[in-house]
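See below for the structure under consideration.
Residue numbers (my numbering): 5 to 133.
As structure tokens, this is what we get:
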């Protein structure tokens, strides 16, 4: 898939990769199983997001950030991942790759000790962007 592929096609491809990953992995460590479960959950959530016309994407983004907080934090540190792509879609970000790089560049402000622990990361993203 080239860089000019639509975001929808990219998300559909990510869902396909997750399904293939589920069928290939049969035995692994507990952490591998947890990551596999997270990937399957993310693929399902992404497919739901892409296939639905959601009226309140901001609320959906907050809910998604709450349920996928551990994975989002990990992927934000790396600057890439399925959860970041799904969050970018909910926030109507045109370029999920640029959004991932931005999350990585601003990781300390988004997740550091000075970040308000009671606020949702989506609130902090919106405030900073």
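Even for Gly, the Cβ is constructed at its ideal location relative to N, Cα and C.
Assigned exposure category for residue 117 - 16 Cβ within 10 Å defines buried: Position 113 of the chain shown holds residue 117. When all chains shown are included, residue 117 counts as exposed.
Residue 109 versus residue 80: straight-line alpha-carbon distance, rounded: Locating residue 109 in the chain shown gives position 105, where the first residue counts as 1. Locating residue 80 in the chain shown gives position 76, where the first residue counts as 1. Roughly 9 Å separates the two Cα atoms.
Between the CA atoms of residue 78 and residue 128 - distance to the nearest angstrom: The sequence position of residue 128 within the chain shown is 124, counting from 1. The sequence position of residue 78 within the chain shown is 74, counting from 1. Cα to Cα, residue 128 sits roughly 17 Å from residue 78.
Proximal residues to residue 66 (C-beta, below 6 Å), its chain only, five neighbours per side dropped: Within the chain shown, residue 66 is the residue found at index 62, counting from 1. Cβ neighbours of residue 66 beyond the five flanking positions: 124, 126.
Alpha-carbon to alpha-carbon, residue 69 and residue 62: Counted from its first residue, the chain shown places residue 62 at position 58. Counted from its first residue, the chain shown places residue 69 at position 65. Their Cα atoms are separated by approximately 10 Å.
CB-CB length for residue 91 against residue 76, believed under 8 Å: For the purposes of this step, residue 91 is identified with residue 87 of the chain shown, where counting begins at 1. For the purposes of this step, residue 76 is identified with residue 72 of the chain shown, where counting begins at 1. About 7 Å separates the two Cβ atoms, so the contact holds.
Nearest residue (CA-CA) to residue 84, options 99, 71, 105: Residue mapping note: residue 84 aligns to position 80 of the chain shown, counting from 1. Selected option, being the one with the closest Cα: 105.
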